[in-house]
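Report on the following structure.
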Amino acid sequence: MADQPLTSRGAATYQRILDVATREFAEHGIAGARIERIVSAARTNKAQLYAYFGSKDRLFDTIFFGSLERIVNVVPIDADDLADWAVRLYDEYLRRPDLIRLATWARLERRPAGHLVEGHDRLDDQKLRAIAEAQAAGRVRQGDPFDVMAIVIAMSMAWSPVSNVYAATAEEPAEVHEQRRALLRDCVRRAVAAD
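Structural data, given as C-alpha cells:
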C-alpha cells in the first residue's frame, strides 16, 4: 500500500475513501463492491484511490484489518470477566454493525474454513494468554484457550447483524438490549465458569 497522504486535504480524501468503502464493502461484500460507487461517494477519482491503496483487494484489507484492530482496542478482553467482555462485544456490534459484516464477507469470500485471517496469532495472542492465565488461576474452565475464546465470541454474536436467527439493531428499545445483555452475561458466566 502506498504511504498515507501527508497533506491535510490528502488525509481528508483518504479518510473519506475509507469511510465510504467501509459502507460499500459491508453492504455488498468484496466481489459486489464497486470502485465507481466508492469514488463517486468519496468525491475523488480512481487514480487517487489506487494511489493510496493499490487495488480493490488491498482497500478491503486495509479496512478489514483496521476493523479487527478496532475490536481489540475498543473492546479489550478481561479474562477474569469474560461475560462482561461478551456484553461489550454485543454493544460494539450494535454501534458498528459494519465491522461484523466485513468479517462475514471475508469468511464467505476468502476463507470459508480455518482461521479467519492468516497470522491470527498476532491478533489473538494477548487474548489467549489472558484466558490461559485465568485458567491456570482456576477462574476459567479448562479447555483450549482458543476454543474458550471462540465460544464467548460466538455467544456475543447471537443477535449480531449476521445472525441466522435474529439481527438486533441499536434502534430497538433499551429494555430489550438490557434483557439480552443480562441473558448473555449469565450464559457466558455459566459456560466459562471453572469446574
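Under this note's numbering, think of the first position of the sequence shown as 108, with each following residue one higher.
All residues carry an ideal CB built from backbone N, CA and C; glycine is no exception.
Taking all protein chains shown into account, do 16 or more other C-beta atoms lie within 10 angstroms of the C-beta of residue i, making it buried, or fewer, making it exposed?
{"i": "Ala281", "result": "exposed"}
{"i": "Thr114", "result": "exposed"}
{"i": "Ser174", "result": "buried"}
{"i": "Asp231", "result": "buried"}
{"i": "Arg297", "result": "exposed"}
{"i": "Arg218", "result": "exposed"}
{"i": "Ser147", "result": "exposed"}
{"i": "Ala220", "result": "exposed"}
{"i": "Leu215", "result": "exposed"}
{"i": "Leu290", "result": "exposed"}
{"i": "Val283", "result": "exposed"}
{"i": "Ala237", "result": "buried"}
{"i": "Lys234", "result": "buried"}
Might you give, ordered along the chain, the residues of its own chain that have their beta carbon closer than 7 Å to the beta carbon of residue i, omitting 5 neighbours on each side?
{"i": "Ala300", "result": "Arg248"}
{"i": "Met108", "result": "In this prediction, Met108 has a pLDDT of 48, which is less than 50 and means its spatial position is unreliable; what the coordinates show is noted afterwards. Counting only Cβ-Cβ distances below 7 Å, and skipping sequence neighbours, we find Phe160, Gly161, Arg165, Thr169."}
{"i": "Val181", "result": "Glu199"}
{"i": "Ala239", "result": "Pro252"}
{"i": "Arg246", "result": "Asp187, Ala301"}
Would you say residue i and residue j are within 8 Å of each other, going by their C-beta atoms?
{"i": "Ala119", "j": "Ala186", "result": "no"}
{"i": "Arg116", "j": "Glu131", "result": "no"}
{"i": "Phe172", "j": "Ile137", "result": "no"}
{"i": "Ala149", "j": "Lys163", "result": "no"}
{"i": "Leu189", "j": "Val295", "result": "yes"}
{"i": "Val259", "j": "Trp192", "result": "yes"}
{"i": "Ile142", "j": "Leu125", "result": "no"}
{"i": "Val194", "j": "Arg288", "result": "yes"}
Sort out for me which residues DSSP pairs residue i with in a bridge.
{"i": "Ala300", "result": "Val247"}
Do we get a CB-CB distance below 8 Å when we pair residue i with the residues of chain D?
{"i": "Glu134", "result": "Here there is only one protein chain, and chain D is not present."}
Enumerate in chain order the residues of its own chain whose CB-to-CB distance from residue i is below 6 Å, with the five nearest sequence positions on each side excluded.
{"i": "Ala277", "result": "Leu201"}
{"i": "Leu196", "result": "Val182, Ser263"}
{"i": "Ala274", "result": "Pro268"}
For residue i, which residues in the same chain have their Cβ closer than 8 Å to its Cβ, ignoring the five residues on either side in sequence?
{"i": "Ile178", "result": "Leu196, Glu199, Leu206"}
{"i": "His135", "result": "Arg141"}
Notebook entry, point to check: Taking contact to mean at least 3 C-beta pairs separated by less than 8 Å, is the segment 201-212 in contact with the segment 258-268?
Noted result: yes
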